[in-house]
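Peer 1: Residue numbers (the working numbering): 1 to 637.
#1: What does the alpha-carbon distance come out to for the pair residue 85 and residue 277?
#2: Which stretch, first to last residue, makes up the beta strand (DSSP E) that contains residue 537?
#3: Go to residue 104, then tell me how far its beta strand (DSSP E) extends in each direction, as first and last residue.
#4: Would you call the segment 481 to 496 and the segment 293 to 308 in contact, with 3 or more CB pairs under 8 Å?
#5: Between residue 513 and residue 554, how many whole angstroms is the CB-CB distance? I'm expecting something under 8 Å.
#6: Hey, residue 542 and residue 528: beta-carbon distance below 8 Å or not?
#7: Going by DSSP, name the residue or residues bridged to residue 163.
#8: Within 8 Å, do at least three Cβ pairs link the segment 263 to 272 to the segment 349 to 365?
#9: Can you check whether the CB of residue 28 is closer than 8 Å to the CB of residue 51?
#10: Let me know the secondary structure DSSP gives residue 432 once reduced to three states.
#11: Closest by CA to residue 231, which one among 450, 558, 605 and 624?
#12: Tell me which same chain residues have a C-beta within less than 6 Å of the C-beta of residue 403, skipping the five on either side of it?
#13: Between the C-alpha atoms of residue 383 and residue 482, what's the straight-line distance to the nearest angstrom?
#14: By a C-beta neighbour count over all protein chains shown, 10 Å radius and 16 as the cutoff for buried, is residue 243 buried or exposed?
#15: Determine whether the beta carbon atoms of residue 173 and residue 197 lie at a separation below 8 Å.
#16: Confirm, please, whether the CB-CB distance from residue 210 to residue 194 is below 8 Å.
#17: Taking the continuous alpha helix (DSSP H) assigned at residue 508, which residues delimit it?
#18: Taking all protein chains shown into account, decide if residue 11 is buried (16 or more other Cβ within 10 angstroms of its Cβ) or exposed.
#19: Considering only C-alpha positions, which residue in the set 38, 588, 602 and 20 is nearest to residue 338?
#20: Can you tell me which of 46, 40, 92 and 132 puts its alpha carbon nearest to the alpha carbon of residue 33?
#21: What's the C-alpha gap between residue 544 and residue 577?
#22: Express the C-alpha separation of residue 525 and residue 621 in angstroms, rounding to a whole number.
#23: Span of the alpha helix (DSSP H) holding residue 263?
#24: Nearest to residue 246 by alpha carbon, out of 140, 286 and 69?
#25: For residue 239, write down the residues that DSSP places opposite it in a beta bridge.
#26: Leaving out the 5 sequence neighbours to the left and right, which residues in its chain are closer than 8 Å to residue 25 when beta-carbon positions are compared?
#27: Among 505, 356, 121 and 583, whose alpha-carbon lies nearest the alpha-carbon of residue 379?
#28: Assuming contact is defined by CB atoms lying nearer than 8 Å, are residue 15 and residue 606 in contact in what I supplied?
#29: Roughly how many whole angstroms lie between the Cα atoms of residue 65 and residue 597?
#30: Determine the direct distance from the alpha carbon of residue 249 to that of residue 626, and round the result to whole angstroms.
#31: Is it buried or exposed for residue 279, if we count other Cβ within 10 angstroms and need 16 for buried?
#32: In this structure, how does DSSP classify residue 280 when only helix, strand and coil are distinguished?
#33: Give me the Cα-Cα distance between residue 106 and residue 180, rounded to the nearest whole angstrom.
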């Protein structure tokens, strides 16, 4: 482990020298000399006197260096039967022209722009155009409810909104313009203009303050890149908060570009010119970092996919894309492969596809459960790399570094801390937890470049949410433990640890056991209220497609399996078979919502939910299974 240990220790012991070297690898207008500083809260800020432009780093620089004819974007849309490829030169020219159009609407350095778009090339063009002008973009996932969009408009106070006329799903078309109009009636802030990309699937009726994208570009002159300070914000990305008000995570320009460039080489093992495919959405941090910015900052080709892992047209969609575009590294969430495994448990859809181009499969966004890890390991002949990071960090905290020194994988572990991240597992007293002892995962300051610069217009919330619990540490909100080899195991959010008769148990560990059953495609374990033990766990289970066994017998087998593997103290009371689980659009199971249903508490349908009808399915299963307060509330109601 000499190569990894040497690089990691240097990044921790000599952070300024280490990140000064990494900064030399991107293009600057003015090279930074003040490498590391701290804000009033004692949070690390990087490259304070450097000047650059993220759009220039990702596009103009590569064109000038001879990469102009290389594909920058492949766009593939099975839901519209559309395909398009843009070279670096073509993308730069379209971005410059659209930036000129935005400038004609008054958008300049420091102004905010809200982007409400589906997975189309114009979403990336809009983001880069904002960066080119030094404006701050805030991308809101296309299709978010009007109320949630209004909250973000009020907080960011954009000068302009950019939206598409519609989004296209597997079985429906979502009209975006009425959602934007309703959001504007709810918001106290009114932007000066809206720019609408008209899509053939559904064209929108424009108002007097609306501008057609194509008409705006037709009258525009190309805009040059505006020099910004490295610490100036590039974007605001809203993530859920415990107060109900979303937190606007702020990302800076300089540190972000340096960190993403470093990660493409060290974490993902990429070489400029290769194709990188991240099956996410530009509305999430994965989309920001590894669809839009990192691949192009590093000189790779990015694959933009407007489709699903299944039903567009089937569970072989990813294999078709990897083969067709000669993808070298593929990154998605574990839930995508659980959906594929459910529909195609034997992996037959892979047959007939030549994916010999694929070098590595990366998974993140939620815990990669060992059953899914082993299923993929048996199906594919490439390394399966679990890695862990957050919206707040913007790039991986813990990973198996494919471009430095790949390690033997361990199912359930994201492997080792990435250089720059001084990761600790702390007990309730703020002391380092022992080997194998679960605690709160935290990162010691200074955090490396690329991490959040703060919460938009709310420094107190930043301090309160992340820095107050353990002074000198960033609190991740996840729980986990280190094993004897230094591998980190993330077991889920800290509030997914339940207390059964005084024993703290991880629901993630129980999910691992339940998910190992041959008939189970996907599962969630939650803790519900119990008068005697405080909390007891229950499992919600989705069987694999084609399962025709006895449901009652399966539920008994799962209860017995947890008792056998973990012990009687786990006290898994029951397992319920359900048709689907409520998830966000990014694939995360809404466990807190499941607990609310089980405990008979009131809840709202979150804007991030992918399938609202799944809540009714779960509620009916809990009532029928006489689960906790859900059943009693139904009886009394």
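Glycine is no exception: its CB is placed at the ideal position from the N, C-alpha and C atoms.
Peer 2: In terms of the structure at hand:
#1: Using only the alpha carbons, I get a separation of about 14 Å.
#2: In the DSSP annotation of this structure, the continuous segment of the beta strand (DSSP E) that includes residue 537 starts and ends at 534 to 543.
#3: Element bounds for residue 104: not the beta strand (DSSP E) but the alpha helix (DSSP H), 88 to 104.
#4: Not touching, per the Cβ criterion.
#5: Not a contact, Cβ separation roughly 14 Å.
#6: Taking 8 Å as the cut-off, the Cβ atoms of residue 542 and residue 528 do not count as close.
#7: DSSP, once it has assigned bridges, lists 116 and 196 as partnering residue 163.
#8: At 8 Å Cβ cutoff, the stretches touch.
#9: Cβ distance < 8 Å, so residue 51 and residue 28 count as in contact.
#10: Of the three classes helix, strand and coil, the one that applies to residue 432 here is strand, per DSSP.
#11: In terms of CA proximity to residue 231, 450 leads the group 450, 558, 605 and 624.
#12: Counting only Cβ-Cβ distances below 6 Å, and skipping sequence neighbours, we find 265, 266 and 269.
#13: About 22 Å.
#14: Its pLDDT being 49, under 50, residue 243 is placed unreliably by the model, and nothing is read from it.
#15: Result no, Cβ atoms of residue 173 and residue 197 do not sit closer than 8 Å.
#16: Here residue 194 is near residue 210, since their CB atoms are less than 8 Å apart.
#17: Unbroken alpha helix (DSSP H) run through residue 508: 507 to 515.
#18: Classification for residue 11: buried.
#19: Closest by alpha carbon: 588.
#20: Nearest of 46, 40, 92 and 132 to residue 33, Cα basis: 46.
#21: So the alpha carbons of these two residues sit roughly 11 Å apart.
#22: When the Cα atoms are used, residue 621 and residue 525 turn out to be separated by approximately 14 Å.
#23: Start and end: 254 to 266.
#24: The closest CA to that of residue 246, considering only 140, 286 and 69, is found on 140.
#25: Looking at the DSSP assignment, residue 239 forms a beta bridge with 247.
#26: Only 258, 261 and 262 meet the Cβ criterion.
#27: Cα-wise, what sits closest to residue 379 is 356.
#28: At least 8 Å separates the beta-carbon of residue 15 from that of residue 606.
#29: Taking the straight line from one Cα to the other gives about 57 Å.
#30: About 41 Å.
#31: It counts as buried.
#32: Three-state DSSP puts residue 280 in coil, outside helix and strand.
#33: The alpha-carbon separation between residue 106 and residue 180 amounts to approximately 20 Å.
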